[in-house]
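> For the sequence shown, the working numbering gives the first residue as 15, with consecutive numbering after it.
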Amino acid sequence: MQTKKIINDGNRTVDEMLEGILAAHPRHLKSAEGSPRSIIARDGPRQGKVGLVIGGGSGHEPTFLGFVGKGLADAAAIGNVFASPPPDPILECAKAASGGAGVLFMYGNYAGDVMNFDMAAEMAAMDDVEVRTVLTTDDVASAPRDQRHRRRGVAGNFFIFKAAGAACDQMLSFDECERIARKANGHTFTMGVALSPCSLPQTRRPNFEIGPDEMEIGMGIHGEPGIARGKLKTADEITDEMLDKILDEMAPTRGDKVSVLVNSLGSTPLMELYIMNRRVKQRLDDIGVSVHATWVGNYCTSLEMAGASVTLMHLDAELQTMLDHPCDCAMFRAG
């Protein structure tokens, strides 16, 4: 049985989506000449500034397109649905973002992305553009604590990109921008839960199977297997299960500060997200951890998958300053 989607041609969905985004946000976004999958911030790149290039597969909107703008990413390379962008549009993003101070590549830790971004970095070096890479690895469920380098990058990208973009916007050195990006990644922890599958535009068929009364903790944003499947629990029980793992790893102490993201995987409504956020706040209050800022909504989705994720960024004064730094993007603003 096929799912229903408001599309024209499944093979044209990404290109038609990009046309619509550029039509909706001409003040913020443009595409690189001759490279429609290279989306550039109109007010981002400038001379002497470290450029920030993000990117990955489509289907996770507003990641990555929504975070392109002044104070955040200078450009995003866009792949097909759940597929890495090829090297050429990544290279065009690097050229557009380059202000002579180096370019930072940041994206989730997935094999296809690593391969293609690395190829683009080598190509950029031939054009005398120095590139450094910081992978995001915030998904607590995707590998053990002692193998964090193997973890996936998921909704925590939002906080990590935000901190790195602020460092770049403040005209900090290449070394400092890279350091802050790595620090932000190391301080960010995410867990998710899936309730139903999504379907790709080309197939319109569910990409995994799950029972009508089941949930899966730790499932990835492309349908990668999680760490536990069982009967659907209450919102508080689900939130507790995810927070237990996050807090165990983050190990906050009384008086610490965090930022919170409660993110929909696509079809879970705000009503349910706010119920989860209520429980997050209760749990943090119980252990004496204060919430500096909270975001609730669609920030890193998986097409129409039902489910949600919770992300905490463990703040210090520097990271708090980076999160508070103003930015102006097509789908997100701060400050």
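Just so it is clear, CB atoms sit at the ideal spot from N, CA and C, and this is done for glycine as well.
Would DSSP call GLY225 helix, strand or coil?
Numbered from 1 along the sequence shown, position 211 holds the residue referred to as residue 225. Of the three classes helix, strand and coil, the one that applies to GLY225 here is coil, per DSSP.
> Drop a sphere of 10 angstroms on the beta-carbon of HIS163, count the other beta-carbons inside from all chains shown, and report buried for 16 or more, exposed for fewer.
Here residue 163 refers to the residue found at position 149 of the sequence shown. Under this definition HIS163 is an exposed residue.
> Give the secondary structure of ARG165 by DSSP, where H, G and I count as helix, E and B as strand, and everything else as coil.
Here residue 165 refers to the residue found at position 151 when the sequence shown is read from its first residue. ARG165 falls in the coil class under three-state DSSP.
> Three-state secondary structure (DSSP) at CYS314?
The residue you call residue 314 lines up with position 300 of the sequence shown. Three-state DSSP puts CYS314 in coil, outside helix and strand.
> Count the other C-beta atoms from every protein chain shown that fall within 10 angstroms of the C-beta of ASP127, then say buried if there are 16 or more, exposed otherwise.
Here residue 127 refers to the residue found at position 113 of the sequence shown. Label assigned to ASP127: buried.
> When the Cα atoms are used, what is the spatial distance from LEU209 to THR282?
Taking the sequence shown and counting its residues from 1, one reaches residue 209 at position 195. Taking the sequence shown and counting its residues from 1, one reaches residue 282 at position 268. Between LEU209 and THR282, the C-alpha separation is close to 9 Å.
> For TYR288, count neighbouring Cβ atoms within 10 angstroms of its own Cβ and tell me buried if that reaches 16, exposed if not.
Translated into positions along the sequence shown, residue 288 becomes position 274. Label assigned to TYR288: exposed.
> Nearest to LEU298 by CA position, among LYS63, ALA265, SER316 and THR315, is which residue?
As a working mapping, residue 298 is identified with position 284 in the sequence shown. Of the candidates LYS63, ALA265, SER316 and THR315, the one whose C-alpha sits nearest the C-alpha of LEU298 is ALA265.
> According to the neighbour-count rule (16 or more other Cβ atoms, all chains shown, within 10 Å of its Cβ), is ASP88 buried or exposed?
Numbered from 1 along the sequence shown, position 74 holds the residue referred to as residue 88. ASP88 is buried by the Cβ-count criterion.
> Exposed or buried, ARG219, counting other C-beta atoms within 10 Å across all chains shown (16 or more means buried)?
Here residue 219 is taken as the residue at index 205 of the sequence shown, counted from 1. Its Cβ having fewer than 16 others within 10 Å, ARG219 is exposed.
> Looking at the structure shown, is ILE88 part of a helix, part of a strand, or coil, going by DSSP?
Walking along the sequence shown from the start, residue 88 turns up at place 74. It should be pointed out that residue 88 corresponds to Asp in this sequence rather than to Ile. ASP88 falls in the coil class under three-state DSSP.
> Near ALA181, which residues of its chain fall below 8 Å by C-beta distance, leaving aside the five closest residues on each side in sequence?
Indexing the sequence shown from 1 puts residue 181 at position 167. Excluding positions up to five away in sequence, the list reads VAL64, GLU190, CYS191, ILE194, ALA195 and MET336.
> Using a C-beta cutoff of 7 Å, does ARG56 count as contacting chain C?
Of the protein chains in this structure there is only one, and it is not chain C.
> When the Cα of ASP227 is compared with those of PRO215, ASP342, ARG243 and HIS236, which residue comes out closest?
As a position in the sequence shown, residue 227 is number 213, starting the count at 1. Comparing Cα-Cα distances from ASP227 to each of PRO215, ASP342, ARG243 and HIS236, the minimum goes to ARG243.
> For PHE172 and LEU275, which I take to be in contact (beta-carbon distance under 8 Å), what is that distance rounded to the nearest angstrom?
Position 158 of the sequence shown holds residue 172. Position 261 of the sequence shown holds residue 275. With 8 Å as the limit, PHE172 and LEU275 qualify as a contact, their Cβ atoms being about 6 Å apart.
> Could you give the residue range of the beta strand (DSSP E) that holds PRO220?
In the sequence shown, the residue the question calls residue 220 occupies position 206. No beta strand (DSSP E) contains PRO220, which DSSP labels as neither H nor E.
> Expressed to the nearest angstrom, what Euclidean distance is found between the alpha-carbon atoms of SER187 and ASN22?
Translated into positions along the sequence shown, residue 187 becomes position 173. Translated into positions along the sequence shown, residue 22 becomes position 8. Going from the Cα of SER187 to the Cα of ASN22 covers about 46 Å.
> Could you pull the start and end residues of the beta strand (DSSP E) that TYR121 belongs to?
The residue you call residue 121 lines up with position 107 of the sequence shown. Start and end: 117-122.
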